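For reference, the structure is listed below as structure tokens.
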């Protein structure tokens, strides 16, 4: 029936707001239509005061019809001083589309939580969905948002190891290199203060025995890098193959720090060709190709950065070089395999054992070194930071 002063005429999309009573009335009409469609036989049995068939899913729910002609779950709480929706829940068939819409609505209201949260929200709203647990689990399993939020981590199949990772050639025949840093060091004393400059470190990682060699450089230009490479070759011997990430500065860490570089690739390759060495660059944006040396950088850099904060203005170039040598020895002393609990197997294979053919660890200078040694002589500073490492 349309009122005379009402703007609504005929079938149309009404933009006028509705009241709570109209919303409840619409809800009752929809649920009543659904129940009559699915549970018509049970409704007739209840109206005639007959027993519900044993094959009915409502047999154990003790259903009854309320004042709004809706099927509700029975029980022993009829005399409780509670609201009707709390004492007796409205029965909704689980296989109907209305049940799906109700579960999706309450699942979105609790921001896509799990089955227990969703089922509890539906029960709190006053609905009993027949077979609700299975229905809620099915809807959550098909929810796109839940799949995105709780998707398992994808695991890629690893490719075969390169030939230089499996070679039995002498150590540092095939190496991977990278640059990490920088650190601020006190280069010289001026009037009333210290003049600071930056230092970086080049890490050379053996591809076969996993040993490392660290060289400190003063800048990222061509000559500084070649000098570090010459020192490495003078100590460790000739190298057949070098791997690094693609770029003029051969640095993964410096890319993150937005450090510009001016290394000339032509100059470096000219020097390497004279040494009989080849260079292989990783594909662009493929840092996982350098996992051999990136792992070693992660092992040293995070601890180094936290320890250098204790020095503040006391770090000098000589202290940095000495400490990098200590760090190299400590990293090379790590076990290459799991440490056994067998007392008879006391030998632990380390990169240092393969490099030096010595098993005994070099003993540190005797004495106790603490935080107070940070403000004393430089060798005491290095020893305290080495013990901290």
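Residue numbers (this note's numbering): 1207 to 1595.
All C-beta atoms in this analysis are idealised placements derived from N, C-alpha and C, irrespective of residue type, glycine included.
On a predicted model such as this, the values are computed, not experimentally measured, just so you know.
Residue 1278 is bridged by DSSP to 1270, 1296. By the CB criterion at 7 Å, residue 1420 and residue 1440 fall outside the cutoff. Taking 7 Å as the cut-off, the beta carbon of residue 1295 is found no closer than this to the beta carbon of residue 1270. When only Cα atoms are considered, residue 1370 and residue 1385 end up about 21 Å apart. The Cβ atoms of residue 1324 and residue 1311 do not sit closer than 7 Å to each other.
For residue 1450, the uninterrupted beta strand (DSSP E) segment begins and ends at 1447 to 1450.
For residue 1524, the enclosing alpha helix (DSSP H) begins and ends at 1523 to 1538.
Within the same chain, and ignoring the five residues on either side of residue 1422 in sequence, the residues whose Cβ sits closer than 7 Å to its Cβ are 1405, 1407, 1526, 1527, 1530. Residues of the same chain with their beta carbon placed closer than 6 Å to that of residue 1376 are lacking, with the five preceding and five following residues left out of the count. Looking only at 1484, 1278, 1393, the smallest Cα-Cα distance to residue 1524 is reached by 1393. Put simply, the backbone Cα of residue 1351 is about 57 Å away from that of residue 1482. Under the DSSP assignment, residue 1486 falls in the beta strand (DSSP E) whose first and last residues are 1484 to 1487. For residue 1419, the secondary structure class from DSSP, reduced to helix, strand or coil, is strand.
With a 10 Å radius around the Cβ and a threshold of 16 neighbouring Cβ atoms, residue 1443 comes out exposed.
Membership of residue 1323 in any beta strand (DSSP E) is not indicated; the residue belongs instead to the alpha helix (DSSP H) covering 1321 to 1330. Less than 7 Å divides the Cβ of residue 1248 from the Cβ of residue 1258. Under a 10 Å Cβ-count criterion, residue 1336 is classified as buried, with 16 or more other Cβ atoms of the shown protein chains found around its own Cβ. Residues of the same chain with a CB within less than 7 Å of the CB of residue 1543, apart from the 5 flanking positions on each side, are 1555 in chain order. Between the region 1338 to 1345 and the region 1277 to 1296, the count of C-beta pairs closer than 8 Å stays below three; the two stretches do not touch. Taking a contact as a CB-CB distance under 8 Å, the pair residue 1380 and residue 1447 counts as one, their CB atoms being some 5 Å apart. Residues 1236, 1237, 1240, 1298 of the same chain have their beta carbon placed closer than 8 Å to that of residue 1304, with the five preceding and five following residues left out of the count.
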